[in-house]
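Asks: I'd like to ask some things about the structure below.
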Amino acid sequence: MREPTVTEVAYAAGFFDGEGYVTINPQSRNHEHYYLRAGIGNTCPIPLKQFQDIWGGSFFPTPNSCARLLSYVWYLHGDKAASFLNDIEPYLQVKVGPVALAKQFQSVKGSYGSRYLNTEKEAHRIMAKELKALNRDPSWSQVVLDV
8 MREPTVTEVA YAAGFFDGEG YVTINPQSRN HEHYYLRAGI GNTCPIPLKQ FQDIWGGSFF
68 PTPNSCARLL SYVWYLHGDK AASFLNDIEP YLQVKVGPVA LAKQFQSVKG SYGSRYLNTE
128 KEAHRIMAKE LKALNRDPSW SQVVLDV
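Using my numbering, the first residue of the sequence shown is number 8, and each one after it goes up by one.
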């Protein structure tokens with residue numbers, strides 16, 4: 008991992024705005040713990056490998072039943088995901104709301120393996136549900152298009 012240039016951060020933000028995702032997922036079947044995940048999928052591996060070189064995370068090919076080309080996914084979890092989102096946030100145009108909620112979740116989440124009060128568990132569950140709703144509804148975008 009290395010420190011990104013301003014151009015790389017801006018490029019990653021644009022790429023993330025168009026092709027990226029951010030989720031809060033249950034870590035176990037009983038939904039006791041949740042974790043932050045951010046990533047980008049694309050058919051071109053070059054930018055995704057560059058992002059991995061800068062921010063870390065995981066990179067792998069994945070079958071794509073809808074396309075003839077192989078797809079690739081780069082993703083980060085937890086604090087690494089929050090660090091990436093923090094870096095790109097000033098340059099985002101579209102996923103501003105979901106990223107803000109994801110960063111809020113990570114800041115209150117606590118460390119892995121820590122015991123949560125029932126109220127904290129409920130707050131995490133609610134944030135996960137809110138982020139899922141935001142991801143399904145593009146009206147949160149701050150971009151106004153004149154069509």
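Each residue gets a CB set at the ideal place from its N, CA and C atoms; glycine is no exception.
Locate the alpha helix (DSSP H) running through residue 55, then write down its first and last residues.
Replies: Looking up residue 55 in the sequence shown gives position 48. Run containing residue 55: 52–62, per the alpha helix (DSSP H) assignment.
Asks: Report the option in 78, 62 and 107 whose CA atom is closest to the CA atom of residue 26.
Replies: To locate residue 26, count along the sequence shown from 1; it is residue 19. Here the closest residue by C-alpha is 78.
Asks: In three-state terms, what does DSSP make of residue 90?
Replies: By one-based count along the sequence shown, residue 90 stands at place 83. Reduced to three states, the DSSP call for residue 90 is helix.
Asks: Measuring CA to CA, which of 10, 133, 134 and 139 is closest to residue 61?
Replies: Along the sequence shown, read from residue 1 onward, the residue named residue 61 stands at position 54. Considering only alpha carbons, the answer is 10.
Asks: May I ask you to check if the CB of residue 102 is nearer than 8 angstroms to at least one heavy atom of the ligand NAD?
Replies: Of the ligands one can find in the structure shown there are none, so the ligand NAD has no counterpart to examine.
Asks: Under the rule that 16 or more other beta-carbon atoms within 10 Å means buried, what is residue 15, buried or exposed?
Replies: By 1-based counting over the sequence shown, the position of residue 15 is 8. The residue in question, residue 15, is buried, as its Cβ has 16 or more Cβ neighbours within 10 Å.
Asks: Using the three-state DSSP reduction, which class does residue 68 fall into: helix, strand or coil?
Replies: Your numbering for residue 68 matches position 61 in the sequence shown. Correct three-state label for residue 68: strand.
Asks: Say whether the stretch 134–144 touches the stretch 51–67, bearing in mind that this needs 3 or more beta-carbon pairs closer than 8 angstroms, one atom from each stretch.
Replies: no
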